[in-house]
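S.K.: Submitted below is the structure of interest, expressed as structure tokens.
Residue numbers (UniProt numbering): 1 to 327.
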């Protein structure tokens, strides 16, 4: 028994003499490689794997699951925006390179005709880009979602109280509010379809479009640039007020305007929730899928945010098959 043990030790020592000289340089090389903590420090504290993706992914996190056996062998064809999904620091279109580490607003105009293709290649990240070098202008482009109801709901109350003080009953004012909300859904659709998705190729056209809506398609999960900044919304209030004055009386104009403004508040809060919320009810889930289909599959369909009514009316409803695929 002792002889057998000595033989095993001898064979082990002989094998060590063979592979140890080759293993030592390899171990020395491994010791020089950065560990996981050092890699995160070099990457600015970001973790690898699915962690950063799942935090910013627009689909409910319950659907981000580990790959099941043999699932990786299936070949699937993604939509154009999903095929172009990446988070690189530089993006090349035509002969101009957009540097994502620099303020973007005055860069995108140089893309010319390639701008439309570039702006619909989304970058899914919780951290939005910088727009302006000037800190004041940069501050004006960032808005918390709760600022919308905080600023505009008092204005809604003032408008409704004005119509009541001018002799209208609460029932009549309630009807004005309902009409104003319905009017807003139409304005929401028209603005989204014909203004926000206008085709541009000039320098200033691309720049204006990026500020107005292109930035949202480029960075759909940027929570600070998802709702309208109060300054921009205030500018749009003037033509909206004058539009209502064309077909209403002086006493009904404030009530209808207040209803439309309430519709806008509902729209902006709903829009934010569709991107960052995790709905549990079936109608909310369907609305979220419907809107994400507009972002990541068919940008020329599905312009309604709070309702799909006007997509039905004007024939811009995406096919049921494409909506189901977005699930």
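The C-beta atom is built at its ideal place from N, Cα and C for all residues, glycine as well.
Quick caveat, the model's predicted, so the values are computed rather than measured.
Where do the N-terminal and C-terminal ends of the alpha helix (DSSP H) with residue 414 fall, by residue?
M.R.: Because the chain here runs from 1 to 327, residue 414 falls outside it and cannot be looked at.
S.K.: Tell me whether residue 206 is buried or exposed, calling it buried when 16 or more other Cβ atoms sit within 10 Å of its Cβ.
M.R.: buried
S.K.: Among the residues of its own chain, which have a CB less than 7 Å from the CB of residue 173, if the five just before and after it don't count?
M.R.: 160, 163, 164 and 255.
S.K.: Look at the alpha carbon of residue 186 and the alpha carbon of residue 318, and state the distance between them as a whole number of angstroms.
M.R.: 18 Å
S.K.: Given this structure, state the Cα-to-Cα distance separating residue 124 from residue 143, to the nearest angstrom.
M.R.: 19 Å
S.K.: Rounded to a whole number of angstroms, what is the C-alpha to C-alpha distance between residue 119 and residue 220?
M.R.: 11 Å
S.K.: So, helix, strand or coil for residue 298, using DSSP?
M.R.: coil
S.K.: Since residue 303 and residue 316 should fall inside the 8 Å C-beta cutoff, what is the C-beta to C-beta distance between them, to a whole number of angstroms?
M.R.: 6 Å
S.K.: Taking residue 263 and residue 126 to be in contact with their CB atoms under 8 Å, please state how far apart those CB atoms are, rounded to whole angstroms.
M.R.: About 29 Å; that fails the 8 Å criterion.
S.K.: Since residue 164 is in the alpha helix (DSSP H), which residue starts that stretch and which ends it?
M.R.: 147–165
S.K.: If distances are taken between C-alpha atoms only, which option among 100, 258, 5 and 270 comes closest to residue 180?
M.R.: 258
S.K.: Check whether the Cβ atoms of residue 294 and residue 301 sit closer than 9 Å, and answer yes or no.
M.R.: yes
S.K.: What's the gap between the Cα of residue 292 and the Cα of residue 215?
M.R.: 15 Å
S.K.: Is residue 105 closer than 9 Å to residue 203 when the C-beta atoms are compared?
M.R.: No; because the gap between Cβ atoms is not below 9 Å, this pair is not in contact.
S.K.: Between which residues of its own chain and residue 230 is the CB-CB distance below 6 Å, once the five residues before and five after are set aside?
M.R.: 151
S.K.: Using alpha carbons as the reference points, say which of 116, 3 and 10 lies closest to residue 208.
M.R.: 116
S.K.: Nearest CA to the CA of residue 225: which residue from 170, 247 and 276?
M.R.: Sorting 170, 247 and 276 by C-alpha distance to the C-alpha of residue 225 places 276 at the top.
S.K.: How many angstroms separate the CA atom of residue 111 from the CA atom of residue 218?
M.R.: Going by the C-alpha atoms only, they are around 14 Å apart.
S.K.: Just the C-alpha distance for residue 171 and residue 135, rounded to the nearest angstrom, thanks.
M.R.: 47 Å
S.K.: Please look up how many angstroms separate the CB atoms of residue 269 and residue 145, rounded, as I've assumed it's under 8 Å.
M.R.: 7 Å
S.K.: As a quick exercise: from 96, 108 and 8, pick the residue whose alpha carbon is nearest that of residue 213.
M.R.: 108
S.K.: Is the CB of residue 229 under 9 Å away from at least one CB in chain C?
M.R.: In the structure shown, chain C does not exist; there is a single protein chain.
S.K.: Please check the pair residue 265 and residue 149, which I expect to be a contact at CB under 8 Å, by giving their CB distance rounded to whole angstroms.
M.R.: 5 Å
S.K.: Could you tell me the alpha carbon to alpha carbon distance between residue 281 and residue 133, rounded to whole angstroms?
M.R.: 42 Å
S.K.: Leaving aside the five residues before and after residue 166 along the sequence, list all residues of the same chain whose C-beta is less than 7 Å from its C-beta, in chain order.
M.R.: 251
S.K.: If you follow the alpha helix (DSSP H) that residue 223 is part of, which residue opens it and which one closes it?
M.R.: Taken as a continuous stretch (DSSP letters only), residue 223 belongs to no alpha helix (DSSP H), as it is neither H nor E.
S.K.: On the criterion of 16 or more Cβ atoms from any shown chain inside 10 Å, does residue 10 qualify as buried, or is it exposed?
M.R.: Exposed, because fewer than 16 other Cβ atoms sit within 10 Å of the Cβ of residue 10.
S.K.: Report the residue from 261, 271 and 156 whose alpha carbon sits nearest the alpha carbon of residue 306.
M.R.: 271
S.K.: Just to confirm my understanding: we take residue 241, look at its own chain, exclude 5 residues before and 5 after, and list those with CB closer than 8 Å. What are they?
M.R.: Within the same chain, and ignoring the five residues on either side of residue 241 in sequence, the residues whose Cβ sits closer than 8 Å to its Cβ are 253 and 257.
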